[in-house]
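Numbering (our numbering), first residue to last: 1301 to 1811.
Heads up, the beta-carbon is just placed ideally off N, CA and C, and yes, glycines get one too.
What follows is a single structure, written as structure tokens, with notes after it.
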Amino acid sequence: MSASSSSASDACSAWYERASAEYQAGRYEAALEALDHFFALNSTHADAFHLRGLVSFALGDGAAAERWITRAVEIQPQAVFFNSLCVVQTNLRALPDAARSAQQGIQFEPNVPVLHYNLGLALQLQGQLEEAAVSYKRTLELEPEHAAACNNLGTVLRALDDLTGAAWHYQRATVLDPNNLEARSNLGHVLLALGRYEEAWPLFEDRWAGARTLIDQAGAGRPDLPLPQWKGHGHDAASQRLLVFHEQGYGDSLQFVRYLPLALARFSRVGFVCPKPLRRLFEESLCTRWPGLSLLDDFPEQFSEWDWQCPLLSLPLAFATRLDMVPAAIPYLYAEPSRSAQWAARLADLPGADLPRVGLVWAGGNSGWSADAARSLTPAQIEPLLSLRHVRWISLQKTDDATKRMAPDDASGLLDWMDEITDFADTAALIDNLDLVISVDTSVAHLAAAMGKPVWLINRFAGCWRWLRGREDSPWYPTVRLFTQQQRGDWSDVLARLEAALGAGSLPPPV
């Protein structure tokens, strides 16, 4: 080797080592500068292309990262390159490509745990749950103390309705990583679904930890308030004031506001930070009956008027709620009489006014939530129900996606006044004039059930914890009847049972 070649090689090595050091130190712009010097001397170095991709990814440019790492793979295929490419493609939601990259890496090195883990994640995000479970199990065979694989396998098993297996893996994840609050939260959800409330509520307090993950992007963080959280302390709070705040979806508030009057029995005043669409309903249903209860549009600028705070879904913990002591007295939400009377008059003027009136919600209203598609039906799927002419069908469908609405030419058997509905108080007034509500697991089902209306809940396979497992009734709502999917993604059995029930004389008596 000539002296000049040796000098160039030494310079290349120096620039590459500097780029690596800058990348490891988090100085990404400096790493890019060093790599530019490197590529001026050597444009065929696979490791350098890989490093350039990692730097691009760290800077938030996933598309560039994919291009650079793909070039590294083309020059010299290595398992580590395929793994990085899988991570980038997963982040870009190019999930089939991500799975292929991981599989190619496994062909080079079959026993690398992280490749099997990342393959499992790419498969899980595509809904290929059985295949994802295989990958996570292989990860754990190779690395038994892989806490993230335990947690994700628990989530896959939960989605497959293997709650016992899910609980075991979540518990194992918390043992391997005691700071894994997401696994604790997941374990809490499973224990709630199993009806083990006393064990579950403390774990459920960590529900914010995994609110925003790569798997579910719809969550939000817990508000940081300058007040201690009330957890059912035994001291005398009769002269003190409690601030409760809404969290998660509208259905959660509709279900758990039942606890506010119970809290008012322990405090001189209870305030609830309430979303605007619920405010009028809660004012008319709750504040008129309990003067010590007030509603706030947002958190106050000053907290001096309050002594304690509590997230709404932490009230079951504060009241030590067990499965056999759920506060299930209904109704606790009501329609405003004059508004209800207006709907009564409109319905009475329709032909066939004596037909049973059935409200229908066939799709969720939050397309950004990972479970929204699983809980929703399409207009085409519910068409056989609408063909039943011994029922007056009333749409209660609100959604953020116009494609979920029934097209006018497809809705010959369905009355749809929902464009006139501005909030839940309006919805309650319409529901007040119905005989039955048939709904997927969404806020309207909670509203109707809290009003004491008969509700037939179209419940997805491995559904929400609050509906438990192996039941057709609900301890939370005495008037709810569950129609649960038997096979994941297959609504045919549920629809057949609904159609049979509607034709079997089991409709409630008319309003």
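Secondary structure of Val1740, DSSP reduced to three states: Here residue 1740 refers to the residue found at position 440 of the sequence shown. Strand.
Beta strand (DSSP E) segment containing Arg1541, residue limits: Locating residue 1541 in the sequence shown gives position 241, where the first residue counts as 1. Arg1541 to Phe1545 is the extent of the beta strand (DSSP E) around Arg1541.
Tell me whether Asn1452 is buried or exposed, calling it buried when 16 or more other Cβ atoms sit within 10 Å of its Cβ. By one-based count along the sequence shown, residue 1452 stands at place 152. It counts as buried.
CB contact check: Phe1599 to chain B, cutoff 9 Å: Note that chain B does not occur in the displayed structure, where there is just one protein chain.
Could you please give the first and the last residue of the uninterrupted alpha helix (DSSP H) stretch that includes Ile1682? Along the sequence shown, one-based indexing puts residue 1682 at 382. Start and end: Pro1679 to Leu1686.
Whole-angstrom distance between Leu1440 and Asp1310, CA atom to CA atom: The residue you call residue 1310 lines up with position 10 of the sequence shown. The residue you call residue 1440 lines up with position 140 of the sequence shown. Approximately 42 Å between the Cα atoms of the pair.
Output yes or no for whether 9 Å exceeds the beta carbon distance between Leu1596 and Ala1563. Taking the first residue of the sequence shown as 1, we reach residue 1596 at position 296. Taking the first residue of the sequence shown as 1, we reach residue 1563 at position 263. No, the pair does not count as a contact, with Cβ atoms beyond the cut-off.
From the DSSP output, in three-state form, read off Gly1549 for me. For the purposes of this step, residue 1549 is identified with residue 249 of the sequence shown, where counting begins at 1. Three-state DSSP puts Gly1549 in coil, outside helix and strand.
Given a cut-off of 9 Å, decide if Asp1461 and Arg1771 are closer than it, judged by their beta-carbon atoms. Here residue 1771 refers to the residue found at position 471 when the sequence shown is read from its first residue. Here residue 1461 refers to the residue found at position 161 when the sequence shown is read from its first residue. Contact flag unset, no.
Cross-strand partners of Trp1756 (DSSP beta bridge): Position 456 of the sequence shown, counting from 1, holds the residue named residue 1756. Per DSSP, Ile1738 and Arg1781.
Go ahead and pull the three-state DSSP assignment for Gln1517. Position 217 of the sequence shown holds residue 1517. Confidence is the limiting factor: at Gln1517 the pLDDT is only 45, short of 50, which leaves the residue's position unreliable and the question unanswerable from this model.
Can you tell which of Pro1528, Thr1784, Met1625 and Ala1330 has the C-alpha that lies nearest to the C-alpha of Arg1675? Locating residue 1675 in the sequence shown gives position 375, counting from the first residue. The candidate whose alpha carbon is nearest that of Arg1675 is Thr1784.
Going by alpha carbons, who is nearest to Asn1342 out of Leu1354, Ser1313 and Glu1322? On the sequence shown, position 42 is the one that residue 1342 refers to. Asn1342 has its Cα closest to that of Ser1313, out of Leu1354, Ser1313 and Glu1322.
Closest by C-alpha distance to Arg1256, when choosing among Phe1338, Leu1593 and Gly1664: The question about residue 1256 has no answer here: the residues shown for the chain are numbered 1301 through 1811.
Note down, one range per segment and in chain order, each alpha helix (DSSP H) of at least 4 residues found wholly within the stretch 1406-1437. 1413-1425
Could you tell me whether the Cβ atoms of Leu1612 and Phe1567 are closer together than 9 Å? Translated into the one-based positions of the sequence shown, residue 1612 becomes position 312. Translated into the one-based positions of the sequence shown, residue 1567 becomes position 267. Going by C-beta atoms, Leu1612 is not nearer than 9 Å to Phe1567.
Give the list of continuous beta strand (DSSP E) stretches no shorter than 3 residues that lie fully inside the stretch 1555-1586. 1569-1573
Would you decide whether Leu1747 is buried or exposed? Buried here means 16 or more other CB atoms lie within 10 Å of its CB. Residue mapping note: residue 1747 aligns to position 447 of the sequence shown, counting from 1. The residue in question, Leu1747, is buried, as its Cβ has 16 or more Cβ neighbours within 10 Å.
Rounded to whole angstroms, what's the CA-CA distance from Ser1743 to Leu1525? Just pull it up for me. The residue labelled residue 1743 in the question sits at position 443 within the sequence shown. The residue labelled residue 1525 in the question sits at position 225 within the sequence shown. For Ser1743 and Leu1525, the distance between alpha carbons rounds to 27 Å.
Contact under 9 Å by Cβ, Tyr1550 with Pro1575: Along the sequence shown, read from residue 1 onward, the residue named residue 1550 stands at position 250. Along the sequence shown, read from residue 1 onward, the residue named residue 1575 stands at position 275. Result yes, Cβ atoms of Tyr1550 and Pro1575 sit closer than 9 Å.
Could you tell me the distance, in whole angstroms, from the CA atom of Phe1572 to the CA atom of Leu1581? Position 272 of the sequence shown, counting from 1, holds the residue named residue 1572. Position 281 of the sequence shown, counting from 1, holds the residue named residue 1581. Spanning the two alpha carbons is a distance of roughly 13 Å.
Cross-strand partners of Pro1611 (DSSP beta bridge): Along the sequence shown, read from residue 1 onward, the residue named residue 1611 stands at position 311. DSSP lists Phe1545 as partners of Pro1611.
What residue from Tyr1559, Ala1346, Ala1467 and Trp1368 has the CA that sits closest to Gly1353's CA? In the sequence shown, counting from the first residue as 1, residue 1353 sits at position 53. The shortest C-alpha separation from Gly1353 is found at Trp1368.
Which residue's Cα is closest to the Cα of Pro1651: Leu1615, Asp1624 and His1690? As a first step, residue 1651 is located in the sequence shown; it is residue number 351 there, counting from the start. Comparing Cα-Cα distances from Pro1651 to each of Leu1615, Asp1624 and His1690, the minimum goes to His1690.
I need the DSSP call for Arg1367, collapsed to helix, strand or coil. On the sequence shown, position 67 is the one that residue 1367 refers to. Arg1367: helix per DSSP, three-state reduction.
Using the three-state DSSP reduction, which class does Gln1378 fall into: helix, strand or coil? For the purposes of this step, residue 1378 is taken as residue 78 along the sequence shown, with counting starting at 1. Coil, per DSSP.
Any idea what DSSP makes of Gly1454, helix, strand or coil? Here residue 1454 refers to the residue found at position 154 of the sequence shown. Looking at Gly1454 - three-state DSSP - the assignment turns out to be helix.
Kindly confirm or deny that the stretch 1623-1634 and the stretch 1655-1667 touch, where touching means at least three C-beta pairs closer than 8 Å. no
With distance defined between alpha-carbon atoms, name the residue in Gln1548, Ser1553, Glu1317 and Pro1679 nearest to Thr1703. Here residue 1703 refers to the residue found at position 403 when the sequence shown is read from its first residue. It is Pro1679 whose Cα lies nearest to the Cα of Thr1703.
Measuring straight from C-alpha to C-alpha, what distance separates Gly1362 and His1350? Counting from 1 along the sequence shown, the entry for residue 1362 is found at position 62. Counting from 1 along the sequence shown, the entry for residue 1350 is found at position 50. Cα to Cα, Gly1362 sits roughly 13 Å from His1350.
Specify whether the stretch 1772-1781 and the stretch 1681-1700 touch according to this definition: at least 3 beta carbon pairs, one from each stretch, less than 8 Å apart. no
Trp1693 (DSSP reduced to helix, strand or coil): By one-based count along the sequence shown, residue 1693 stands at place 393. Here Trp1693 sits in strand by DSSP.
If you draw a straight line from the C-alpha of Leu1425 to the C-alpha of Arg1400, how long is it? Mapped onto the sequence shown, residue 1425 falls at position 125. Mapped onto the sequence shown, residue 1400 falls at position 100. Going by the C-alpha atoms only, they are around 14 Å apart.
So what does Arg1507 bridge to, in DSSP terms? Here residue 1507 corresponds to residue number 207 of the sequence shown, with the count starting at 1. Bridge partners of Arg1507: none, in fact.
In angstroms with no decimal places, state the Cα-to-Cα distance between Leu1457 and Ser1539. Working through the sequence shown from its first residue, we reach residue 1457 at position 157. Working through the sequence shown from its first residue, we reach residue 1539 at position 239. One C-alpha to the other measures close to 47 Å.
Since Arg1657 is in the beta strand (DSSP E), which residue starts that stretch and which ends it? Reading the sequence shown from its first residue, position 357 is the one you call residue 1657. Where Arg1657 is concerned, the enclosing beta strand (DSSP E) stretches over Arg1657 to Val1661.
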